[in-house]
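Numbering follows my numbering, in which position 279 of the sequence shown is assigned residue number 750; successive positions increment by one, without gaps. Every residue, glycine too, gets a C-beta built ideally from N, C-alpha and C. Computed from a predicted structure; not experimentally measured.
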Amino acid sequence: MKPFTWNGQPSRVVFGAGALAHLERELDLLGAQRPLVLCTPGQAAQAHALAQRLGPRCAGVFGQAVMHVPAATAAAAREAAARLAADCSIALGGGSTTGLAKAVALTTGLPILAIPTTYAGSEMTPIYGITEAGLKTTGRDARVLPRTVIYDPELSLDLPLALSVTSAMNAIAHAVEGLYAQDGNPVTDLMAEEGIRALAAALPRLRARPRDPDARGDALYGAWLCGSVLGSVGMALHHKLCHTLGGSFDLPHAEVHTVVLPQALAFNAPAVPEALLRIRRALGPGAASAPAALFDLARDNGAPVALRDIGMREADLDRAAEIAVTHPYWNPRPFSAAQRGEIRALLQRAFEGTRPD
Ligand SMILES: NC(=O)C1=CN([C@@H]2O[C@H](COP(=O)(O)OP(=O)(O)OC[C@H]3O[C@@H](n4cnc5c(N)ncnc54)[C@H](OP(=O)(O)O)[C@@H]3O)[C@@H](O)[C@H]2O)C=CC1
Ligand SMILES: O=C(O)/C=C\C(=O)CC(=O)O
472 MKPFTWNGQP SRVVFGAGAL AHLERELDLL GAQRPLVLCT PGQAAQAHAL
522 AQRLGPRCAG VFGQAVMHVP AATAAAAREA AARLAADCSI ALGGGSTTGL
572 AKAVALTTGL PILAIPTTYA GSEMTPIYGI TEAGLKTTGR DARVLPRTVI
622 YDPELSLDLP LALSVTSAMN AIAHAVEGLY AQDGNPVTDL MAEEGIRALA
672 AALPRLRARP RDPDARGDAL YGAWLCGSVL GSVGMALHHK LCHTLGGSFD
722 LPHAEVHTVV LPQALAFNAP AVPEALLRIR RALGPGAASA PAALFDLARD
772 NGAPVALRDI GMREADLDRA AEIAVTHPYW NPRPFSAAQR GEIRALLQRA
822 FEGTRPD
């Protein structure tokens, strides 16, 4: 057994259908008297319903969360939290909303109670991302790790199927990179393999019955495991490419992960044989390689497999490759300026949607 350290996940998790009923109890446990409810404009109705339920203890609602957390939005949310004398953020929504709560926590220390409605997994990580002048900066800071997470499958029953599939692929990507992370360990390996299995098995059930509460619960269970992996170990090439494409070219986050994952794993495959075995086992029986099986999982569940289908311009691929190899993340197969050509070729295959061998 190789030596390792594991910081675990200090977040308190309340999981189950109807778990939202425990919100007041969880706020009391946090000692939160004046929570600010954060959401996207699209989820304002749910956020205001939550605020009404909380009554006078609720400091208010800030409903301007946006994907990739623009710096201006972060500043506006911080100002609102100060003006309303909030002592806690409730992030009701997907990773965009959790990311906004993290941006507030980064400078104010305001504790976060996250109520995820997608499978992004941000609620289980100390990773933040803020985008300014077309460049996304990510970092890790213990202050941004949500203190409490309420996972209630009933809140994702209406998550559109297409988003359910791509958000599940986003979560699977966390686990895939966790399986070859520089600081991986036996516990995160177990969580990663089980998370991939749970999500991959839930997808066809969701296609058959999108409002199946059990399938939604199993998917959320998988997202929790995969997010926990991401929160515990480092990210590598795949996430670097997605941060570049998402933050610098404003592509939809989960869709980028869905398209890039098979290609990034194919690039790393020669260096990560153990990870390939675990991924292949988690995805169930089949003759395809792990990268090809991930490609097929996305394609067979109706998700995009080509960057050109999610808004990427071929003319931007050179710049994307340049950004990606600048300040690279650690990766089991080194990528830096010297590998720019290989990364450019990877992006071309992702642009065209070429099924990996
Ligand atoms: N720091 C970290 O560890 C991580 C951060 N992230 C970040 O999170 C963001 C992406 O998160 P993701 O969840 O994919 O994106 P969003 O939070 O933007 O949600 C994606 C889409 O799903 C819709 N949606 C969310 N929940 C529901 C629901 N219950 N019913 C119907 N529609 C719903 C949203 O609609 P609407 O806009 O109306 O709300 C939105 O259109 C990115 O900024 C990414 O960088 C992602 C993973 C990990
Ligand atoms: O790319 C991911 O899914 C994980 C991390 C981030 O998105 C960083 C961020 O919060 O923007």
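Exercise. For Ala613, does the count of other Cβ atoms within 10 angstroms reach 16, so buried, or fall short, so exposed?
Worked result: As a position in the sequence shown, residue 613 is number 142, starting the count at 1. Exposed: under 16 other Cβ atoms inside 10 Å.
Exercise. Distance, Cα to Cα, Ser807 vs Thr797?
Worked result: Here residue 807 corresponds to residue number 336 of the sequence shown, with the count starting at 1. Here residue 797 corresponds to residue number 326 of the sequence shown, with the count starting at 1. The alpha-carbon atoms of Ser807 and Thr797 are separated by roughly 7 angstroms.
For this session: Can you grab the Cα-Cα spacing for the pair Arg790 / Leu712, in whole Å?
Result: For this step, residue 790 is matched to residue 319 along the sequence shown. For this step, residue 712 is matched to residue 241 along the sequence shown. C-alpha of Arg790 to C-alpha of Leu712: approximately 12 angstroms in a straight line.
Exercise. Measuring CA to CA, which of Leu722, Ser482, Pro587 is closest to Gly688?
Worked result: Here the question's residue 688 lines up with position 217 in the sequence shown. Shortest Cα-Cα distance from Gly688 to any of Leu722, Ser482, Pro587 involves Pro587.
Exercise. Taking only runs of the beta strand (DSSP E) that begin and end inside the stretch 484-557, which ones reach a length of at least 3 residues, in chain order?
Worked result: DSSP runs (the beta strand (DSSP E)) wholly in the stretch 484-557: 506-509, 531-533.
Problem set entry | Which of helix, strand or coil DSSP assigns to Asp622 | On the sequence shown, residue 622 is found 151 positions in, with the first residue counted as 1. The identity of residue 622 in the sequence shown is Tyr, whereas the question assumes Asp. Note: Tyr622 maps to strand in three-state DSSP.
Exercise. To the nearest angstrom, how far is it from the Cα of Glu495 to the Cα of Cys510?
Worked result: Mapped onto the sequence shown, residue 495 falls at position 24. Mapped onto the sequence shown, residue 510 falls at position 39. Approximately 18 angstroms, taken between the alpha carbons.
For this session: Would you give the residue range spanned by the beta strand (DSSP E) that Pro587 belongs to?
Result: On the sequence shown, residue 587 is found 116 positions in, with the first residue counted as 1. Annotation: the continuous beta strand (DSSP E) that includes Pro587 extends over 583-587.
Problem set entry | Where the alpha helix (DSSP H) containing Ser638 begins and where it ends | Along the sequence shown, one-based indexing puts residue 638 at 167. Start and end: 632-650.
Exercise. Would Thr715 be called buried (16 or more neighbouring beta carbons within 10 Å of its own) or exposed?
Worked result: What you label residue 715 is simply residue 244 of the sequence shown in a count that begins at 1. Buried, by the Cβ-count rule.
Exercise. Got a sec: is the Cβ-Cβ distance from Arg680 to anything in chain D below 8 angstroms?
Worked result: Included in the structure is just one protein chain, with no chain D present.
For this session: Give the single residue among Arg784, Ala725, Asn739, Gly773 whose Cα lies nearest to the Cα of Ala679.
Result: Along the sequence shown, one-based indexing puts residue 679 at 208. For the set Arg784, Ala725, Asn739, Gly773, the Cα lying nearest the Cα of Ala679 is the one of Gly773.
Problem set entry | Simplified DSSP state of Thr608, which is helix, strand or coil | Taking the first residue of the sequence shown as position 1, residue 608 is located at position 137. Strand.
Exercise. To the nearest whole angstrom, what separates the beta carbons of Pro684 and Leu628, a pair I think is in contact under 8 angstroms?
Worked result: For the purposes of this step, residue 684 is taken as the residue at position 213 of the sequence shown. For the purposes of this step, residue 628 is taken as the residue at position 157 of the sequence shown. Between Pro684 and Leu628 a beta carbon distance of about 7 angstroms is seen, short of the 8 angstroms cut, so the two are scored as contacting.
Exercise. Taking Cβ positions, are Gly666 and Ala639 nearer each other than 8 angstroms?
Worked result: On the sequence shown, position 195 is the one that residue 666 refers to. On the sequence shown, position 168 is the one that residue 639 refers to. No, they are not a contact pair.
Exercise. Got a sec? Which residues, its chain only, sit under 6 angstroms from Val620 by beta carbon, not counting five neighbours each side?
Worked result: Numbered from its first residue, the sequence shown carries residue 620 at position 149. Only Ser482, Val484, Ala585, Glu594 meet the Cβ criterion.
Problem set entry | Three or more C-beta pairs below 8 angstroms linking the stretch 767-785 and the stretch 699-713 | No, the stretch 767-785 does not touch the stretch 699-713.
Exercise. Cβ of Ala844 versus every heavy atom of ligand 1: is any distance shorter than 7 angstroms?
Worked result: Residue 844 is absent from the model: the chain starts at 472 and stops at 828.
Exercise. Just how far apart, CA to CA, sit Leu754 and Asn739?
Worked result: What you label residue 754 is simply residue 283 of the sequence shown in a count that begins at 1. What you label residue 739 is simply residue 268 of the sequence shown in a count that begins at 1. Rounded to whole angstroms, the separation of the alpha carbons of Asn739 and Leu754 is 18 angstroms.
Problem set entry | Which of helix, strand or coil DSSP assigns to Tyr850 | Missing from the structure shown is residue 850; the chain here goes from 472 to 828 and no further.
Problem set entry | Inside the stretch 741-787 only - alpha helix (DSSP H) runs reaching at least 4 residues | With a minimum length of 4 residues, the continuous alpha helix (DSSP H) runs that stay inside the stretch 741-787 are 744-753, 761-771.
Exercise. Which first and last residues belong to the beta strand (DSSP E) in which Ala562 is found?
Worked result: To locate residue 562, count along the sequence shown from 1; it is residue 91. First-last of the beta strand (DSSP E) with Ala562: 559-564.
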